[in-house]
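Visitor: Pasting a structure below so you can have a look.
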Amino acid sequence: MEKVWFITGAGKGFGLEIAKAALSVGDKVIATLRKTGSELESVLKDHKNLLILRMDVTNELQVKLAVDEGINHFGKIDIVVNNAGFGLISSVEEASDKEARGQFDTNVFGILNVSRAVLPYLRKQRSGHVINISAYFAFGTIPGWGIYSATKFAVEGLSEAMAMELNPLGIQVTVVEPGMFRTNFLDESSFVQADLIIEDYDQTSGKIKALTSQFNGAQPGDPSKLGQALLKLVNLENPPVHLPLGKDCLDFYEKNKSLRENEMVKWKEMILSTDF
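Here the sequence shown stands for residues 1 to 276, where the numbers follow the UniProt record's numbering.
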């Protein structure tokens, strides 16, 4: 049976590839974009199973109207992909209040806005699959990506709680943690640098800033294969709550798991010293 997808940030990158994958198997797609002139519009705008809506995930009213319009158009929503987001690269100190809040508004509160708008429909139909796009920086972080990682840590917590709350209602939740994929995420259109630059951080976050721009175009992940992976995911009877994607993601997870375990062993005596 054909499914109806609601995808945020569908104009490019992961969102575009997921939309293309869904349409390729005869599913229907409600693709939301923050602004017009996207890659999706140029390659798919005339597709009969595609509804393109302009929507900013940080605008609660726009989100509700888009969800309502999508359901009125296709009759239902089966799969929600919370993909809209961007990256802020800076040391934690360099990020202004406005820059940090902007990162959280899109990457975290945007998911909450979509969830509040769409979950009443999914609960009513007692079915659905919510997919929250996180990142491998949810497993740990590096200098320069602290604020971004903090948003992904938040997405992990939200997703795990949602999975426990919604599973009894027939709704699945998966948080997808991609490694580095060859999208435009490292372009200026998808990640920004803090305005403030503090010289003391030149050898930590400053060095990462330089390496990040050099890495653009050499990422190991194939975004079209991510789209295909999500097609498989939504057809599983018992999908995972966590889905890391990419060898670099798995390697990063294993490294951070080992560091955390070693720290627990080293400080075990202090850890156990605080109980009555």
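Glycine included, every Cβ here is placed at the ideal spot set by N, Cα and C.
These figures come from a predicted structure and were not determined experimentally.
Give the secondary structure of His47 by DSSP, where H, G and I count as helix, E and B as strand, and everything else as coil.
Guide: Note: His47 maps to coil in three-state DSSP.
Visitor: For the beta strand (DSSP E) that contains Ala194, what are its first and last residues?
Guide: Careful: Ala194 lies outside any beta strand (DSSP E) and carries neither H nor E.
Visitor: Going by other Cβ atoms of all chains shown within 10 Å of its Cβ, with 16 needed for buried, is Phe276 buried or exposed?
Guide: Classification of Phe276: exposed, given that the 10 Å Cβ count is below 16.
Visitor: Can you tell which of Gln219, Leu272, Glu263 and Pro239 has the C-alpha that lies nearest to the C-alpha of Asp248?
Guide: That would be Gln219, whose Cα lies nearest to the Cα of Asp248.
Visitor: Are at least three pairs of beta-carbons, each pair with one atom in the stretch 112–119 and one in the stretch 229–245, less than 8 angstroms apart?
Guide: No: the two stretches stay apart, fewer than three of their Cβ pairs being nearer than 8 angstroms.
Visitor: Does the separation of the CB atoms of Ala19 and Leu44 fall below 8 angstroms?
Guide: In this structure, Leu44 lies closer than 8 angstroms to Ala19 by Cβ.
Visitor: Using only the alpha-carbon positions, how far apart do Glu263 and Ser91 sit?
Guide: Roughly 24 angstroms between the two C-alpha positions.
Visitor: Just tell me which of Pro239, Val241, Gln193 and Leu169 has its CA closest to the CA of Arg126.
Guide: Closest option to Arg126, Cα to Cα, is Leu169.
Visitor: Quick check on the DSSP output: the beta strand (DSSP E) that includes Ile89 runs from which residue to which?
Guide: Its beta strand (DSSP E) spans residues Gly87 to Ile89.
Visitor: By how many angstroms is the C-alpha of Ser149 removed from the C-alpha of Phe252?
Guide: Cα to Cα, the separation comes out at about 13 angstroms.
Visitor: Buried or exposed for Glu177, please, with buried defined as at least 16 other CB atoms from any protein chain shown within 10 angstroms of its CB.
Guide: Buried.
Visitor: Indicate whether Trp145 and Ile79 have their beta-carbon atoms separated by less than 8 angstroms.
Guide: No, the Cβ-Cβ distance between Trp145 and Ile79 is not below 8 angstroms.
Visitor: So for Asn132, helix, strand or coil by DSSP?
Guide: Strand.
Visitor: Select from Ser273, Phe137, Met270 and Asp68 the residue whose C-alpha is nearest the C-alpha of Gly87.
Guide: The candidate whose alpha carbon is nearest that of Gly87 is Phe137.
Visitor: Run through DSSP, which three-state label would residue 283 get?
Guide: No information on residue 283 is available, as it lies outside the stretch 1 to 276 that the chain covers here.
Visitor: Looking only at its chain, what residues have a beta carbon closer than 7 angstroms to the beta carbon of Ile71, apart from the 5 residues adjacent to it on each side?
Guide: Excluding sequence neighbours, Ile71 sits near Ile77 and Tyr121.
Visitor: Restricting to runs no shorter than 3 residues, where is the beta strand (DSSP E) found entirely within the stretch 30–118?
Guide: Entirely contained in the stretch 30–118, the beta strand (DSSP E) runs reaching 3 residues are, in chain order, 50–54, 79–82 and 87–89.
Visitor: Report the residue from Asp222, Gln193, Ser224 and Pro223 whose alpha carbon sits nearest the alpha carbon of Ser213.
Guide: If we check each option's Cα against that of Ser213, Gln193 comes out closest.
Visitor: Measuring alpha carbon to alpha carbon, tell me which of Pro240, Leu16, Ala95 and Ala10 ends up nearest Gln172.
Guide: Comparing Cα positions, the closest option is Pro240.
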